[in-house]
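K.L.:
Have a look at this one before I ask anything.
Numbering (this note's numbering), first residue to last: 2 to 255.
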């Protein structure tokens, strides 16, 4: 529980996730249309798989997902053999062994995604003092969720507006509270080569990785929606039966 709270807090501090900050800046986050929105919406698995590719090839160099088990990807269509091969590509610390020493071993689907840095101090040292937030719950840690993620990723501008002076090492982002952020514009046209042949525009990459991070933050979203629909249908049928029973029982009462 402490690790979970720490992840949310670090994400809030690093990406301006406090709702008061957004309100004070008056930043407007455009609402997007997502296949998983609404009661009957479901995660676009193809988009989420592409989004994972963006995370793996672009985002994971700085950002961890240390709360997400690798096997979670089974929820967006990865097969068991694919999960095993993917996990084996990571090295995770294990132990201690019989000599009392820690050692590295190939990952398994049960392992969580390893962090790109051994600790927070190393992460700060590699990023000019800034701590890249863990992305495990980033889609739920910000008011606006995936809308904010998409707006942030597509909100970078090479040249700040007239009258705006950037501090050294900062980049201009039109939706980030304060508009100055240490993270550079990491999404570039054709920055990845999608396995399914989809054109990797900046818009497409931002939409796909936002979908993936939404799934990662709540992998059981589709199942919960399906259960909710079933419960509502059951209650409707039950209400109908109760009403019919009441009419039947009181029909003989004068």
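The beta-carbon is built from N, C-alpha and C at its ideal position, and this holds for glycine as well.
Bear in mind the structure is a predicted one, so any value in this text is a computation, not a measurement.
Closer than 6 Å by C-beta to residue 218: which residues in its own chain qualify, once you throw out the five before and the five after it? Chain order, please.
P.N.:
Excluding sequence neighbours, residue 218 sits near 138, 140, 141.
K.L.:
Is the beta carbon of residue 223 less than 8 Å from the beta carbon of residue 73?
P.N.:
It is not a contact, given that the beta carbons lie outside the stated cut-off.
K.L.:
By a C-beta neighbour count over all protein chains shown, 10 Å radius and 16 as the cutoff for buried, is residue 28 buried or exposed?
P.N.:
The residue is buried, with at least 16 neighbouring Cβ atoms inside 10 Å.
K.L.:
Looking at residue 153: is its Cβ nearer than 8 Å to the Cβ of residue 174?
P.N.:
Result yes, Cβ atoms of residue 153 and residue 174 sit closer than 8 Å.
K.L.:
Is the Cβ-Cβ distance between residue 48 and residue 147 less than 8 Å?
P.N.:
The answer is no: Cβ separation not under 8 Å.
K.L.:
Quick check on the DSSP output: the alpha helix (DSSP H) that includes residue 128 runs from which residue to which?
P.N.:
It is not in any alpha helix (DSSP H) - residue 128 carries neither H nor E in the DSSP assignment.
K.L.:
Is it buried or exposed, residue 252, if we count other Cβ atoms within 10 angstroms and call 16 or more buried?
P.N.:
Per the 10 Å Cβ criterion, exposed.
K.L.:
Residue 93 lies in the beta strand (DSSP E); which residues open and close that run?
P.N.:
Its beta strand (DSSP E) spans residues 92 to 95.
K.L.:
Taking residue 161 as the reference, which of 145, 155, 151, 180 has the closest Cα?
P.N.:
Among 145, 155, 151, 180, the Cα nearest to that of residue 161 belongs to 180.
K.L.:
Under a Cβ-count criterion, where at least 16 other Cβ atoms within 10 Å of its own Cβ denotes burial, should residue 45 be classed as buried or exposed?
P.N.:
Residue 45 should be labelled buried.
K.L.:
Determine the extent of the alpha helix (DSSP H) in which residue 243 is found, giving its start and end residues.
P.N.:
First-last of the alpha helix (DSSP H) with residue 243: 222 to 251.
K.L.:
Determine the direct distance from the alpha carbon of residue 67 to that of residue 116, and round the result to whole angstroms.
P.N.:
Residue 116 and residue 67: Cα-Cα distance of roughly 6 Å.
K.L.:
Which residue marks the beginning of the beta strand (DSSP E) containing residue 104, and which one marks its end?
P.N.:
From DSSP, the beta strand (DSSP E) with residue 104 extends over 104 to 107.
K.L.:
Beta-carbon within less than 8 Å of residue 105's beta-carbon, same chain only, minus the 5 sequence neighbours each way: which residues are those?
P.N.:
So the qualifying residues of the chain are 92, 93, 94, 95.
K.L.:
Where does residue 210 sit, in a helix, a strand or coil, going by DSSP?
P.N.:
Of the three classes helix, strand and coil, the one that applies to residue 210 here is helix, per DSSP.
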